[in-house]
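In my numbering, the protein residues as written are 3 to 280.
Yeah, the Cβ is synthetic: ideal placement off N, Cα and C, and Gly gets one too.
Structure, as structure tokens:
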């Protein structure tokens with residue numbers, strides 16, 4: 003049982019990512035470091051390398067980060083981005099994540115790589131951040147905000163803990179303005195949500211909070227490519243992965259097909275959103 007008071011939608015996500023099947027799937031099939039959409043440069047680009055490319059691209063967008071920076075990774079997963087930033091800059095990173103199972107793996111990898119003195123792995127969620135106002139220079143997130151049923155509050159909380167002049171950079175699977183209900187519904191049902199965010203929603207929320215838009219990179223074509231790659235990898239590895247139940251594999255393949263189909267129909271968007279607190 004969780005000792006924290008998570009919202010219903012967030013608790014659903016926590017229970018899912020804490021399951022043995024989900025933990026093993028994301029660790030084994032997605033490469034063990036990152037569990038977000040990748041930037042693919044060709045038909046043979048491995049999932050792990052493409053996911054790393056996303057981290058590198060986001061890092062290249064940040065205008066000010068050094069060893070004195072305090073960074074929050076909101077929804078850190080296995081902590082790949084936190085380790086990348088800590089290694090590159092020597093900065094202090096808080097890796098906030100709601101799955102205790104993922105956090106155990108994260109802490110172990112940080113220790114093995116000699117980074118545990120720079121990275122604090124914290125059990126928690128981004129709807130209620132346990133930090134004082136104006137704590138962080140950079141707030142970072144990859145494909146996590148879709149798991150919140152209250153993204154307006156998420157944006158308020160992220161803004162609150164950012165220092166003035168601080169940067170917010172994130173990716174998120176979103177619904178497109180042209181999305182038809184029948185194309186989007188199977189995806190929403192899978193993640194137990196009624197809506198997803200959108201480029202317009204996040205830009206409007208940022209403006210409402212007094213943040214300026216640094217840049218928006220629409221990389222939506224990468225979404226169906228990524229999920230189709232994950233499905234292919236899962237099919238290929240299924241026979242070797244006796245520690246993941248066949249029921250979970252079947253359910254996952256069906257779910258992945260919904261993401262691919264909705265993405266190819268133009269119902270989904272994905273990209274990098276970058277804002278600065280004024």
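Item, Value
"Looking only at its own chain, which residues have a Cβ that is under 7 Å from the Cβ of residue 269, when we skip the five neighbours before and after it?", "177, 178, 181, 182, 185, 186"
"Taking the CB atoms as reference points, tell me whether residue 97 and residue 121 lie closer together than 8 Å.", "yes"
"When burial is assigned at 16 or more other CB atoms within 10 Å of the CB, is residue 234 buried or exposed?", "exposed"
"Suppose contacts are defined by Cβ-Cβ distances below 8 Å. Is residue 1 in contact with residue 271 by that definition?", "In the structure as shown, the chain starts at 3 and stops at 280, and residue 1 therefore has no counterpart that could be examined."
"What do you get for residue 197, buried or exposed, if any count of 16 or more other CB atoms within 10 angstroms of its CB means buried?", "exposed"
"To the nearest angstrom, how far is the alpha carbon of residue 15 from that of residue 193?", "8 Å"
"With three or more C-beta pairs closer than 8 Å as the rule, is the region 149-162 touching the region 236-248?", "no"
"For the region 113-167, which segments carrying the alpha helix (DSSP H) assignment without a break, of at least 4 residues, lie completely within its bounds, in sequence order?", "153-163"
"Does residue 3 come out as helix, strand or coil in the three-state DSSP assignment?", "Model confidence at residue 3 stands at a pLDDT of 37, short of 50, so the residue's coordinates are unreliable; what they give is reported in the following sentence. DSSP places residue 3 in coil when its eight states are reduced to three."
"Count the other CB atoms, across all protein chains shown, that sit within 10 Å of the CB of residue 215; report buried if there are 16 or more and exposed otherwise.", "exposed"
"Measuring straight from C-alpha to C-alpha, what distance separates residue 57 and residue 143?", "10 Å"
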